[in-house]
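Working notes for the structure below.
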Amino acid sequence: QKEVEQNSGPLSVPEGAIASLNCTYSDRGSQSFFWYRQYSGKSPELIMSIYSNGDKEDGRFTAQLNKASQYVSLLIRDSQPSDSATYLCALQRAGSYQLTFGKGTKLSVIP
Amino acid sequence: DAGVTQSPTHLIKTRGQHVTLRCSPISGHKSVSWYQQVLGQGPQFIFQYYEKEERGRGNFPDRFSARQFPNYSSELNVNALLLGDSALYLCASSRGDNQPQHFGDGTRLSIL
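Encoded structure:
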């Protein structure tokens with residue numbers, strides 16, 4: 643079983659819709675969870691961090707964490723064509739600096 | 049404030065050569081990590097340094113080495129380059145444990 647699993651996509655949603663990106667992980671020692679956005683040919687850009695169970699909202703983005711189910715998700719409301727990118731899920735064990743990434747989900751927002 | 053800066057942005061080398069990549073963290077960040085990203089994959093952890101000490105090492109051969117300087121900048125060195133070392137090399141900095149890591153623009157290394 644891979645440490646961090648993401649559906650590689652592509653996930654296509656129409657402009658204005660909600661995009662739902664999912665990530666499961668196997669390491670129960672994971673404490674910190676991050677979502678990065680990566681445009682083609684660019685470096686990852688941090689968009690959300692979440693540390694405790696529940697929802698965390700920031701603008702059009704909502705991160706959801708369920709440690710019992712080992713599941714973290716990212717919702718993007720009112721999706722825009724500029725949201726088209728690869729979204730990387732990353733996690734970090736307590737006391738560690740190392741990020742473990744999934745392969746990423748490619749999102750395409752259709753105008 | 050300036051973000052994480054990396055140099056050079058692009059580099060072309062041939063097999064067997066060595067390369068040095070450089071990184072300056074965000075001001076106030078004492079932790080620097082290096083990642084390798086090949087096309088279609090997420091970044092893979094190579095090294096992490098905090099206060100000039102190596103705190104973690106990923107599953108990479110000894111051809112890969114790094115160091116951190118008193119001003120918290122860092123270098124990644126790769127010897128005896130192989131074709132498979134062609135990748136985007138990313139540097140990330142953070143304030144400390146379990147704090148978000150912020151990435152630089154990366155160095156794209158091509159091995160011919």
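Protein chains in written order, with our numbering: chain A, 643 to 753; chain B, 49 to 160.
Quick reminder that beta carbons are idealized off the backbone N, C-alpha and C, glycines included.
Query                                                                                                                                                                          : Result
Should Phe676(A) and Leu707(A) be called a contact, given that it needs their Cβ atoms to be closer than 8 Å?                                                                  : no
Count the CB pairs spanning the region 645–659 of chain A and the region 692–701 of chain A that are closer than 8 Å, and state whether there are at least three.              : no
Find the nearest neighbour of Gln116(B) within the set Gln85(B), His58(B), Ser55(B), Val80(B), judged by alpha-carbon distance.                                                : Val80(B)
Which residues mark the beginning and the end of the beta strand (DSSP E) in which Glu123(B) is found?                                                                         : 122–126
Where does the unbroken beta strand (DSSP E) through Gln96(B) begin, and where does it stop?                                                                                   : 92–98
When the cut-off is 8 Å and only beta carbons count, does Ser671(A) lie next to chain B?                                                                                       : For the record, residue 671(A) in the displayed sequence is Gly; it is not Ser. By this cut-off, Gly671(A) is not an interface position.
Any idea what DSSP makes of Leu131(B), helix, strand or coil?                                                                                                                  : helix
By a C-beta neighbour count over all protein chains shown, 10 Å radius and 16 as the cutoff for buried, is Asp133(B) buried or exposed?                                        : buried
Exposed or buried, Leu160(B), counting other C-beta atoms within 10 Å across all chains shown (16 or more means buried)?                                                       : exposed
To be precise: take each residue of the region 120–150 of chain B, compare its Cβ to all Cβ atoms of chain A, and keep it if any distance is under 8 Å. Which residues remain? : Leu136, Leu138, Ala140, Ser142, Asp145, Asn146, Pro148, Gln149, His150
Under the three-state reduction of DSSP, which class applies to Pro148(B): helix, strand or coil?                                                                              : coil
Where does Tyr97(B) land, buried or exposed, given buried means 16+ other C-beta within 10 angstroms?                                                                          : buried
Classify Pro656(A): buried if its beta carbon has 16 or more other beta carbons within 10 angstroms, exposed otherwise.                                                        : exposed
If the cut is a Cβ gap below 9 Å, which residues of chain A does Ser79(B) touch?                                                                                               : Tyr739
Report the neighbours of Lys745(A) on chain B: residues whose CB is nearer than 9 Å to its CB, in chain order.                                                                 : Gly88, Gln89, Gly90
Need the endpoints of the beta strand (DSSP E) that Lys78(B) sits in, please.                                                                                                  : Where Lys78(B) is concerned, there is no enclosing beta strand (DSSP E), given that its DSSP letter is neither H nor E.
Along the chain, where does the beta strand (DSSP E) that runs through Phe112(B) open and close?                                                                               : 112–116
Among Ala727(A), Tyr681(A), Ile692(A), Ser750(A), which has the Cα closest to the Cα of Gln673(A)?                                                                             : Ile692(A)
So which of His66(B), Pro109(B), Asp153(B) has the shortest CA-CA distance to Ile74(B)?                                                                                        : Asp153(B)
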